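Novice:
2 protein chains.
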Amino acid sequence: MSHRTEISAYGEFGLIEHLTKNIELQNASTIEGVGDDAAVIDHFGKQTVITTDLLLEGIHFDLIYTPLKHLGYKSVVVNLSDIYAMNARPTHITLSIGVSNRFSVEALEEFYEGVYLACKNYGVDLIGGDTSTSLKGFVISVTAIGEVTPDKFVKRSSARKGDLICVSGDLGAAYIGLLFLEREKKIFLESPEVQPDLEGEAYVIGRLLKPEARKDIIDFFEQSGIMPTAMIDVSDGLSSDLLHICKRSGLGCLLYEEKIPIAEEMRLAAFKFEIDPTACALSGGEDYELLFTIRQEDYEKVSGNPAISIIGYMTEAAEGSHLITKGGNKYPLTAQGWNAFTTGRGQAPK
Amino acid sequence: MSHRTEISAYGEFGLIEHLTKNIELQNASTIEGVGDDAAVIDHFGKQTVITTDLLLEGIHFDLIYTPLKHLGYKSVVVNLSDIYAMNARPTHITLSIGVSNRFSVEALEEFYEGVYLACKNYGVDLIGGDTSTSLKGFVISVTAIGEVTPDKFVKRSSARKGDLICVSGDLGAAYIGLLFLEREKKIFLESPEVQPDLEGEAYVIGRLLKPEARKDIIDFFEQSGIMPTAMIDVSDGLSSDLLHICKRSGLGCLLYEEKIPIAEEMRLAAFKFEIDPTACALSGGEDYELLFTIRQEDYEKVSGNPAISIIGYMTEAAEGSHLITKGGNKYPLTAQGWNAFTTGRGQAPK
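Encoded structure:
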């Protein structure tokens, strides 16, 4: 058993100091970091992009199967993904946590290890935050700050009729990863002596527990001179997020099932649960891929990139939003993504 | 009984839309507000100042005696106070909330009414956030963003020996307000038929439930050409916050009890609890006044302002940090402010 230090041994200020003492600032834009009433940054003529996410134990994550280091990493990455989805570059984060005394200082150190690893991998500075006790549960609030050349950010609302719909990576795997972990949790709670059976499922579980944000796609846009016409990150599921672009842009869309990128590991795993892989891709969520539209004349530039799939195109609003199945049938797209207010995490795809 | 609408009637996206539909943006620096992956701001050559606070039910507030509108107002104001404490101007906030289904949409509307009132009074724009269900308790996370002319922000660490220590307003009242409300809560829980007795205590209770941030002091600095040498806002109590300035500036201080500003309402209220008003001022906290140091040559400029008290001066670190009592005794200052990790809110002054 490893050593356990009670949080109360440090006190509030001591704890913040302890957890932030090894911060190495990476950005010239960081004028003042942790340690005063507020942090100061300077984007030197660029515009500042800001997003924030709240992650609550029991709603957004389950500590039974989520290593704290992964949780720290993911808490940062899901926010950075929103910055990239604006075609911007993340530069800073603030991090607030509320923890009950069931957590030791060592546990928080693990969580911060993941936070710092994400900061290092994506070149962002942790510049502030708040640390508090909580009566129950682990509360995480991250605000990510980025920069963009004036007016070069990409919104959800600016897609145009005829634009091609593209998505990075592959979809649906995080949801299948969740199904595996929930199954093992159930078995463990019923029969603690049974060993977990996650053989061969590293890919889908990794997609859930340690997602990455698609910095490489933003790099590619810059290098190739591509300016997406609209963009969003896939956090609620392809259907739900594509419908956001449609609604905000005042358009409809046609999506081709056969074009939706699905990893082989995910397809095999979905069959074990007797679930349609396409349904997972449409409604699973937590993929943190970039979903964007481009002008048709950018087709050549994009089609050579194996990390990007062209999955459909934008239509008039009056034509509605539809999926063309492999069998040639046409179904209306519906938002079945995760809705935190009705079903909790991980609604089963229909 | 007023109408109750369940949060589930809206769903996550519907709820955010409902609660943010009446936002009126006030700042030219707001390029994109609520509704995309991230917000975009432009401080046009100024530096950006960022602070964040987590407020948790049962730790930072008690809904038994905290009206939701006041809570919304205070959640914003305590963050703006940190921006002013950098000698900067708040321009934007993001707000994330986690709520269990015991809250109705109407309850959240009340909370947001307070948020919008604070935004209006202080001229800041709400530009983003996150809304989630929580298993238990009300979770509030606010990030405040401000602007400052490059390098004109004021840190805690730049006080110099001989500088005068000043504080705005009066101290200790919020703590006494808390004692009253905790007393009435206890009586109510034991004997619900007893009517609350808060006659004449509006001032101290108002200081706790609906604090204001000292924008006027920052205006005064600008108009008078005063640049404080160090500044912090009084959230943990005068002792604790002054010791932050001492520690970070590598100095000591001498504080005069007779100079500490105490409201007459607070003095009378303290006597009802048989508590020393000075102890409340030193250790109570949640005053959200500005504590700052100025050069001696700025004495004339400050001494004419009735909202500012000069309460001591900075010394060499070797001389320590002391309070000179009205009786002429000298005691070391100790940080007895609220420590969220040892005693919860509202530690009794010694």
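Which chain is which? The protein sequence lines are Y and X, in order. In terms of the numbering used here, the first sequence has 334 at position 334, counting the first letter as 1, and numbering is strictly consecutive. In terms of the numbering used here, the second sequence has 339 at position 339, counting the first letter as 1, and numbering is strictly consecutive. Ideal Cβ positions, reconstructed from N, Cα and C, are used throughout, including at glycine. These numbers come from a predicted model, not from an experiment.
How long is the line joining the alpha carbons of L208/Y and V167/Y, rounded to whole angstroms?
Specialist: 18 Å
Novice: If you check the beta carbons only, do A354/X and L171/X fall under 9 Å apart?
Specialist: Since the first residue of chain X shown is 1 and the last is 350, residue 354/X is not available in this structure.
Novice: Verify the CB distance criterion: does G346/Y have a CB-CB separation below 9 Å to chain X?
Specialist: Because G346/Y carries a pLDDT of 36, less than 50, the predicted location of this residue cannot be relied on, and the following value inherits that uncertainty. G346/Y does not count as touching chain X.
Novice: In the segment 105 to 136 of chain Y, which residues sit with their C-beta less than 9 Å from some C-beta in chain X, listed in chain order?
Specialist: I127, G128, G129, D130, T131, S132, T133, S134, L135 and K136
Novice: Quick check on the burial criterion: 16 or more other C-beta atoms within 10 angstroms. Buried or exposed for Y331/X?
Specialist: exposed
Novice: Could you check where the beta strand (DSSP E) with G146/Y kicks off and where it finishes?
Specialist: V139 to V148
Novice: Is it buried or exposed for N22/Y, if we count other Cβ within 10 angstroms and need 16 for buried?
Specialist: exposed
Novice: Below 9 Å between beta carbons: does that hold for P90/X and G128/X?
Specialist: No, the Cβ-Cβ distance between P90/X and G128/X is not below 9 Å.
Novice: Using the beta-carbon count (16 or more within 10 Å), is V194/Y buried or exposed?
Specialist: So V194/Y counts as exposed.
Novice: Out of Y288/X, R4/X, Y313/X and L290/X, point me to the one whose CA is closest to Y299/X's CA.
Specialist: If we check each option's Cα against that of Y299/X, Y313/X comes out closest.
Novice: To the nearest angstrom, how far is the alpha carbon of K69/Y from that of E106/Y?
Specialist: 11 Å
Novice: For D241/X, count neighbouring C-beta atoms within 10 Å of its own C-beta (all shown protein chains included) and say buried if the count is 16 or more, exposed if not.
Specialist: buried
Novice: Just tell me which of S81/X, S132/X, A159/X and L243/X has its CA closest to the CA of P228/X.
Specialist: For the residues S81/X, S132/X, A159/X and L243/X, the minimum Cα distance to P228/X belongs to A159/X.
Novice: If we cut at 9 Å on Cβ distances, does V77/Y have a partner in chain X?
Specialist: no
Novice: Going by Cα to Cα distance, which pick from G11/X, N101/X, V234/X and L15/X is closest to G169/X?
Specialist: V234/X
Novice: Roughly how many angstroms lie between the CA atoms of E57/X and R102/X, to the nearest whole one?
Specialist: Going by the C-alpha atoms only, they are around 13 Å apart.
Novice: Is the Cβ-Cβ distance between S96/Y and S132/Y less than 9 Å?
Specialist: yes
Novice: Considering only C-alpha positions, which residue in the set I217/X, A202/X and D216/X is nearest to K210/X?
Specialist: A202/X
Novice: Between which two residues does the beta strand (DSSP E) carrying D62/X extend?
Specialist: Where D62/X is concerned, there is no enclosing beta strand (DSSP E), given that its DSSP letter is neither H nor E.
Novice: Could you check whether the Cβ of T334/X sits closer than 9 Å to any Cβ belonging to chain Y?
Specialist: no
Novice: Tell me the rounded alpha-carbon separation between D130/X and D53/Y.
Specialist: 6 Å
Novice: Okay, do the segment 242 to 256 of chain X and the segment 317 to 324 of chain X touch, 3+ Cβ pairs below 8 Å being the bar?
Specialist: yes
Novice: Could you work out which residues of chain X lie near E32/Y, taking near to mean beta carbons separated by less than 8 Å?
Specialist: Result: F153 and K155.
Novice: Just how far apart, CA to CA, sit K272/X and A173/X?
Specialist: Distance from the CA atom of K272/X to the CA atom of A173/X, rounded to whole angstroms, is 13 Å.
Novice: Would D42/X count as contacting chain Y if we go by Cβ distances under 9 Å?
Specialist: yes
Novice: Less than 9 Å between the beta carbons of A39/X and H92/X, yes or no?
Specialist: Cβ distance < 9 Å, so A39/X and H92/X count as in contact.
Novice: Going by Cα to Cα distance, which pick from I50/Y, D37/Y, D36/Y and K136/Y is closest to D42/X?
Specialist: I50/Y
Novice: Is Y288/X helix, strand or coil by DSSP?
Specialist: coil
Novice: Whose Cβ in chain X lies nearer than 8 Å to the Cβ of P150/Y?
Specialist: D42
Novice: Indicate the three-state DSSP secondary structure (helix, strand or coil) for G225/Y in the structure shown.
Specialist: coil
Novice: Count the other CB atoms, across all protein chains shown, that sit within 10 Å of the CB of G225/X; report buried if there are 16 or more and exposed otherwise.
Specialist: exposed
Novice: Where does L135/X land, buried or exposed, given buried means 16+ other C-beta within 10 angstroms?
Specialist: exposed
Novice: Assign T334/X to one of three DSSP states: helix, strand, or coil.
Specialist: T334/X: coil per DSSP, three-state reduction.
Novice: Any beta carbon from chain X within less than 9 Å of M86/Y's own beta carbon?
Specialist: Under the Cβ criterion of 9 Å, M86/Y is counted among the residues facing chain X.
Novice: How is T343/X classed by DSSP in three states: helix, strand or coil?
Specialist: Residue confidence is low: T343/X scores 34 on pLDDT, short of 50, so the model does not pin down where it sits. No coordinate-derived value is stated.
Novice: Which whole-angstrom value is the C-beta distance of D36/Y and M266/X, which I expect to be below 8 Å?
Specialist: Wrong, their Cβ atoms sit about 29 Å apart, outside the cutoff.
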